[in-house]
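Everything below concerns the one structure shown next.
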Amino acid sequence: MQHQVIHIHPSAPPKPPEGAPCNGCGVCCLAEPCPLGVVVSRRWSGACRALVWSQEAGRYHCGVLAQAYVGARPRVDGRKAPLWRRLWWRWVHRMIAAGVGCDAAYEAEAG
Numbered sequence: 001m002q003h004q005v006i007h008i009h010p011s012a013p014p015k016p017p018e019g020a021p022c023n024g025c026g027v028c029c030l031a032e033p034c035p036l037g038v039v040v041s042r043r044w045s046g047a048c049r050a051l052v053w054s055q056e057a058g059r060y061h062c063g064v065l066a067q068a069y070v071g072a073r074p075r076v077d078g079r080k081a082p083l084w085r086r087l088w089w090r091w092v093h094r095m096i097a098a099g100v101g102c103d104a105a106y107e108a109e110a111g
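What the sequence shown shows, in our numbering, is residues 1 to 111, in sequence order.
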């Protein structure tokens, strides 16, 4: 088995078991970028540059998904966002496998 050292925020939650809901531990994105992260980070390995630490939430978030969500949610006046923004959000959601559960087949060890 290959070993890789990744630097995780000390307040990050522990990695959940595979298949469990994502808790924002960041292990997957710190180890390697997803297909969308490859495009955003312009790299095939290493930490994804789109990964963002949220001090308020105490977890990592995908910066691309967060930005896509801001544009896709309904406006203050109750109108829906334009179709292209909603489609963009859905595509980003799918590309990072949001809502699928933990798919990182890694074992995280404290260092």
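Ideal Cβ placement from N, Cα and C applies to all residues, glycine included.
Boundaries for His7: no beta strand (DSSP E) harbours it, and the DSSP string shows neither H nor E there. Counting other Cβ atoms within 10 Å of its Cβ, Leu87 stays below 16 and is therefore classed as exposed.
In this chain, the beta strand (DSSP E) harbouring Arg59 covers Arg59 to Cys62. DSSP places Ser54 in the strand class (E or B) of the three-state scheme. For a cut-off of 8 Å, the C-beta gap from Arg59 to Ala20 is around 14 Å, too long to register as a contact. Trp84 and His93 have their C-alpha atoms some 14 Å from each other. Contact annotation: Leu51 and Cys34 have beta-carbon atoms that are not nearer than 8 Å. Exposure of Gly101 is indicated by the presence of fewer than 16 other C-beta atoms within 10 angstroms of its C-beta. With a 10 Å radius around the Cβ and a threshold of 16 neighbouring Cβ atoms, Val64 comes out buried.
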